[in-house]
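Using my numbering, you'd call the opening residue of the sequence shown number 83 and step up by one each time.
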Amino acid sequence: MSFFRSLFGKEAVRTRFAPSPTGLFHIGNVRTALFNFLFSKKNGGKFILRVEDTDTDRYKPEYENDIIETLKWLGLQWDEGPFKQSERIALYARYLKELLKNGDAFYCFHSKEFLEREHEKQIQDKEIPAHNCEFKKVPLKDSEKRLLKENAIVRFRMPIDLEISFTDLIRGKINFNSGALEGDFSLAKAEGPDKFLPLYNFAVVIDDFEMKISHVIRGEDHISNTPKQILIGQALGLPTPKFAHLPLILGSDKAKLSKREASVSVNEYREAGYLPEALLNFIALLGWNPGTDEEILSLKELIEKFNLNKVQKSGAVFNTEKLDWFNGCYLRKLSIDELAKRAIPFLEKNNLIESNNYDWKYIKKVLALEQPRLKKLGGIGERVGFFFKPPKYEPELLIWRDMLFKDITVSLKVTQGALNQLNESKFTRGNLEKILLKEAERAKNKDKGRLLWPLRVALTGLEASPGPFEVLDVLGKKESLARIETAIKKLA
Ligand code: GLU
83 MSFFRSLFGK
93 EAVRTRFAPS
103 PTGLFHIGNV
113 RTALFNFLFS
123 KKNGGKFILR
133 VEDTDTDRYK
143 PEYENDIIET
153 LKWLGLQWDE
163 GPFKQSERIA
173 LYARYLKELL
183 KNGDAFYCFH
193 SKEFLEREHE
203 KQIQDKEIPA
213 HNCEFKKVPL
223 KDSEKRLLKE
233 NAIVRFRMPI
243 DLEISFTDLI
253 RGKINFNSGA
263 LEGDFSLAKA
273 EGPDKFLPLY
283 NFAVVIDDFE
293 MKISHVIRGE
303 DHISNTPKQI
313 LIGQALGLPT
323 PKFAHLPLIL
333 GSDKAKLSKR
343 EASVSVNEYR
353 EAGYLPEALL
363 NFIALLGWNP
373 GTDEEILSLK
383 ELIEKFNLNK
393 VQKSGAVFNT
403 EKLDWFNGCY
413 LRKLSIDELA
423 KRAIPFLEKN
433 NLIESNNYDW
443 KYIKKVLALE
453 QPRLKKLGGI
463 GERVGFFFKP
473 PKYEPELLIW
483 RDMLFKDITV
493 SLKVTQGALN
503 QLNESKFTRG
513 NLEKILLKEA
523 ERAKNKDKGR
533 LLWPLRVALT
543 GLEASPGPFE
553 VLDVLGKKES
563 LARIETAIKK
573 LA
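Printed below as a string of structure tokens:
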């Protein structure tokens with residue numbers, strides 16, 4: 083192996099995304115997954131998915147499902163996995179036994195109550211909380227006997243006053259002293275001889291080795307776990323992977339992303355009508371930049387340009403307005419066919435169309451009109467609902483300035499007359515504009531609003547909407563005239 087490594091001067095890049103299915107997939111997860119994905123793809127490596135499901139109390143199958151579905155939706159395809167830690171228990175047991183045999187780990191029989199009391203006292207006495215366990219002095223044989231009757235915790239024997247350091251690829255050298263690392267930390271629960279339930283820090287080390295992970299890229303909140311993981315690896319004689327800890331994601335007030343913001347599920351973004359490519363582009367720039375001020379970057383371009391050297395150390399600000407801007411850009415880049423494909427589920431959800439029973443051409447016309455203004459597909463119902471259902475509104479909305487109901491009725495009748503001059507095939511935006519503007523010029527004080535406002539409201543039922551000519555063009559002659567007729571009846 084080292085021969086090949088020196089021969090080619092380069093070790094295969096293998097990264098992993100290792101979420102715990104104890105909550106819904108959130109923005110922080112996307113960032114970790116994306117950076118691991120980009121780094122492995124940039125270096126011709128592999129991206130591995132590992133589900134860290136050792137916390138059985140907080141595990142839920144729907145969270146596991148959510149991981150898979152969200153990664154698929156984002157298009158972050160993994161090369162190997164998903165591996166599940168719960169299916170690898172026998173593997174961990176082998177390594178645990180080795181640690182126990184060599185004296186690097188031992189069984190602790192302290193009760194939960196004892197440990198809690200000890201912790202509280204240390205906090206009161208302003209000491210660094212740490213459990214330096216007396217059980218490490220007990221011979222393994224004796225502990226194994228006791229284990230037949232009692233459960234235990236397998237703990238790592240923390241070396242005294244040892245300097246542990248590693249070079250983080252983003253932050254540079256980081257040093258720890260073993261004295262500041264909470265003492266003999268836990269590796270696994272033991273519920274009898276050979277019945278182990280591994281815990282996070284231990285299972286990670288074994289998996290990273292077994293999966294040949296070359297680079298561990300994860301959130302800054304894991305920095306304090308790294309020295310523990312290095313110690314476990316060293317005790318087992320395993321190579322230490324390279325580490326890169328990503329900066330925190332901050333809210334727009336520059337404070338740590340609040341519980342609420344941080345835990346917003348990606349599904350909520352999906353349902354609000356954000357496009358996965360916009361979300362990925364936005365998140366790629368949370369803590370990283372390509373070294374230029376380019377902002378709109380496809381996944382392919384992100385892979386080409388990605389480099390851990392350009393990841394910043396300081397927190398990255400999450401700005402929803404910026405995300406909306408990205409989403410708008412991506413929506414405008416879509417072809418009308420593609421936009422329609424993506425919008426249809428939202429139109430269905432808003433009960434504006436029935437599934438498998440809609441007019442594809444009509445939908446495309448509506449969307450072409452809305453595309454320049456769209457920010458999120460979730461809001462599409464409010465914006466285009468009137469194209470699919472007759473609008474509901476109070477007759478007062480038809481009033482322009484000082485017009486009376488009877489004036490409006492006259493105005494709408496004039497419009498009807500003008501529209502009737504055009505047959506279906508001539509009912510186009512250009513013709514409509516010509517003929518209606520000519521009528522509008524003839525209104526009192528040349529005030530075009532006297533003709534165009536009531537018309538637009540009759541068609542849309544909205545205070546703000548696209549202009550009347552575009553709307554007439556999309557709705558067509560028959561439907562437009564029917565809506566004007568309804569408005570006249572409302573006024574009567
Ligand atoms: N399962 C851990 C988490 O979800 C990640 C572990 C790691 O990346 O080392 O936070």
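The beta carbon of each residue, even a glycine, is placed where N, CA and C say it ideally should be.
Among Pro-103, Ser-122, Tyr-174, nearest to Glu-386 - alpha-carbon criterion:
Ser-122
Please list the terminal residues of the continuous beta strand (DSSP E) segment that includes Ala-272.
268-272
For the beta strand (DSSP E) that Arg-96 lies in, which residues bound it at each end?
96-99
The region 487-503 / the region 446-463 touching (three or more Cβ pairs under 8 Å)
no
Less than 9 Å between the beta carbons of Ile-295 and Ile-130, yes or no?
yes
Alpha-carbon to alpha-carbon, Val-112 and Ser-88:
Reliability fails at Ser-88, whose pLDDT of 42 lies under 50, so the model's placement of it is uncertain and the value that follows must be treated cautiously. C-alpha separation (whole angstroms): 35 Å.
Any heavy atom of the ligand GLU closer than 8 Å to the CB of Tyr-475?
no
If you measure between the beta carbons of Leu-339 and Ile-331, is that distance less than 9 Å?
yes
Restricting to runs no shorter than 4 residues, where is the alpha helix (DSSP H) found entirely within the region 167-238?
171-183, 194-206, 222-228
Start and end residues, beta strand (DSSP E) containing Leu-131:
128-133
Top-ranked residue by Cα proximity to Pro-103, from Ile-566, Arg-199, Asp-135
Asp-135
Buried/exposed call for Ser-547, threshold 16 Cβ in 10 Å:
buried
First and last residue of the uninterrupted beta strand (DSSP E) at Gly-41:
Nothing about residue 41 can be read from this structure; the chain reaches only from 83 to 574.
Should Asp-148 go down as buried or exposed, given a rule of 16 or more other Cβ atoms within 10 Å for buried?
buried
Roughly how many whole angstroms lie between the Cα atoms of Gln-316 and Phe-278?
21 Å
Gly-163 CB to nearest heavy atom of the ligand GLU below 8 Å:
no
What residues in its chain sit with their C-beta under 7 Å from that of Thr-510, if we drop five residues either side in the sequence?
Asp-555
C-alpha distance - Lys-423 paired with Glu-350, whole-angstrom precision
20 Å
Helix, strand or coil for Thr-249 per DSSP?
strand
Would you say the beta carbon of Gly-369 comes nearer than 8 Å to a heavy atom of the ligand GLU?
no
Proximal residues to Gly-397 (C-beta, below 6 Å), its chain only, five neighbours per side dropped
Pro-329, Leu-330, Leu-332
Can you tell me where the beta strand (DSSP E) with Pro-309 in it begins and where it stops?
Unbroken run through Pro-309 is the alpha helix (DSSP H), 308-317; no beta strand (DSSP E).
If you draw a straight line from the C-alpha of Phe-258 to the C-alpha of Leu-244, how long is it?
8 Å
By how many angstroms is the C-alpha of Pro-454 removed from the C-alpha of Val-448?
12 Å
CA-to-CA distance, Ile-490 to Ala-564, given in whole angstroms:
16 Å
Beta-carbon gap between Lys-324 and Thr-249 smaller than 9 Å
yes
Over the uninterrupted beta strand (DSSP E) stretch that includes Arg-300, give me the two end residues.
297-301
Delimiting residues of the alpha helix (DSSP H) encompassing Glu-328:
With the sequence shown as reference, residue 328 is identified as Leu, and Glu is not the correct amino acid for it. Here Leu-328 belongs to no alpha helix (DSSP H); instead the beta strand (DSSP E) covers 324-328.
Pick out whichever of Ala-175, Gly-110, Lys-142 has its Cα sitting closest to the Cα of Ile-273.
According to the sequence displayed, residue 273 carries Glu and not Ile. Selected option, being the one with the closest Cα: Ala-175.
Rounded to whole angstroms, what is the Cα-Cα separation between Ile-435 and Asp-441?
9 Å
Quick one: does the C-beta of Val-553 sit closer than 8 Å to a heavy atom of the ligand GLU?
no
Phe-267 to Leu-222, Cα distance in whole Å?
18 Å
Could you name the residues of the same chain whose beta carbon sits closer than 8 Å to that of Ser-84, not counting the 5 residues immediately before and after it, in chain order?
Here the model assigns Ser-84 a pLDDT of 47, short of 50, so the residue's position is not dependable, and the following value carries that caveat. None.
Identify which residue in Pro-321, Lys-415, Leu-263, Asn-283 has its Cα closest to the Cα of Phe-291.
Pro-321
Relative to the alpha-carbon of Thr-308, which residue among Asp-276, Lys-271, Leu-263, Pro-280 has its alpha-carbon at the smallest distance?
Leu-263
Asp-297 Cβ short of 8 Å to the ligand GLU heavy atom set:
First, the residue type needs correcting, since residue 297 is His and not Asp in the sequence shown. Not under cutoff, so the answer is no.
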